[in-house]
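Report on the structure given below.
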Amino acid sequence: MPKIKVNSANKNFIRSHSKWELYRFLDINITIGVKQLIDECDDIRKMIFSIRSNQKNIPIVEKFQIWNLKRLEPKICHFSLICDNGKGKILFSEVIDIFDFKYDELKLYSFGEIVVFP
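Residue numbers for the sequence shown follow this note's numbering, beginning at 271 and rising by one.
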């Protein structure tokens with residue numbers, strides 16, 4: 271069975287670990303790579319808004335979180351969004367539709383009020 275090639279957004283955007291240029295977005299700070307991503311894809315901006323809204327409605331105390339977005343089927347706009355604490359505990363999950371995202375997956379880390387690429 272041929273291996274399916276996954277088109278990851280993480281490989282295509284700037285990941286700046288030595289230079290922390292932060293931008294304010296909603297109630298969090300984002301790095302330049304995350305800013306480039308949401309500037310290119312409005313639906314990712316809505317995804318981050320959804321995550322932050324869920325966190326306000328559900329008491330989530332974990333300061334470190336991993337946000338995983340994965341396309342459910344090739345070339346379909348349905349994505350699984352899972353937020354976990356990095357130790358396998360799922361904090362929340364949902365299926366969302368993203369129409370302007372050309373990648374199959376995305377992973378972001380949230381450290382308190384800062385969101386970065388891994």
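The C-beta atom is built at its ideal place from N, Cα and C for all residues, glycine as well.
Beta-carbon spacing of E332, L361 below 8 Å:
Reading the sequence shown from its first residue, position 62 is the one you call residue 332. Reading the sequence shown from its first residue, position 91 is the one you call residue 361. Yes, they are a contact pair.
Just the C-alpha distance for M271 and E291, rounded to the nearest angstrom, thanks.
Position 1 of the sequence shown, counted from the first residue, corresponds to residue 271. Position 21 of the sequence shown, counted from the first residue, corresponds to residue 291. Unreliable positioning characterises M271 in this predicted model, as indicated by a pLDDT of 49, which lies under 50. The coordinate reading is nonetheless provided below. Per the coordinates, the alpha-carbon of M271 lies some 43 Å from the alpha-carbon of E291.
Here's the rule: buried if 16 or more other CB atoms are within 10 angstroms of the residue's CB, otherwise exposed. What is D370?
As a position in the sequence shown, residue 370 is number 100, starting the count at 1. By the neighbour-count rule (16 or more Cβ atoms within 10 Å), D370 is not buried but exposed.
Please state the DSSP three-state secondary structure of N338.
On the sequence shown, residue 338 is found 68 positions in, with the first residue counted as 1. Here N338 sits in strand by DSSP.
Am I right that L378 and V385 are in contact with their C-beta atoms under 8 Å? What's the rounded C-beta distance?
Residue 378 sits at position 108 when you count from the first residue of the sequence shown. Residue 385 sits at position 115 when you count from the first residue of the sequence shown. Indeed they touch by this definition, with Cβ atoms about 6 Å apart.
With three or more C-beta pairs closer than 8 Å as the rule, is the region 316–324 touching the region 291–307?
Yes, they touch.
In this structure, how does DSSP classify L376 when only helix, strand and coil are distinguished?
Taking the sequence shown and counting its residues from 1, the one referred to as residue 376 is at position 106. The three-state reading of DSSP puts L376 in strand, counting E and B together.
Rounded C-alpha distance that separates T301 from S323:
Counting from 1 along the sequence shown, the entry for residue 301 is found at position 31. Counting from 1 along the sequence shown, the entry for residue 323 is found at position 53. One C-alpha to the other measures close to 20 Å.
Residues in its own chain within less than 6 Å of K372 by CB, not counting five upstream and five downstream?
Numbered from 1 along the sequence shown, position 102 holds the residue referred to as residue 372. Closer than 6 Å at Cβ, skipping near neighbours: no residue.
Report the option in C347, C311 and I336 whose CA atom is closest to the CA atom of L365.
Residue mapping note: residue 365 aligns to position 95 of the sequence shown, counting from 1. Looking at the sequence itself, residue 365 is Val, so the reference to Leu does not match. The shortest C-alpha separation from V365 is found at C347.
Measure the alpha-carbon distance for L342 versus L351 and round it to whole angstroms.
Your numbering for residue 342 matches position 72 in the sequence shown. Your numbering for residue 351 matches position 81 in the sequence shown. When rounded, the distance between both Cα atoms is 10 Å.
Counted within 10 angstroms of its Cβ, other Cβ atoms place K305 as buried (16 or more) or exposed
Within the sequence shown, residue 305 is the residue found at index 35, counting from 1. K305 should be labelled buried.
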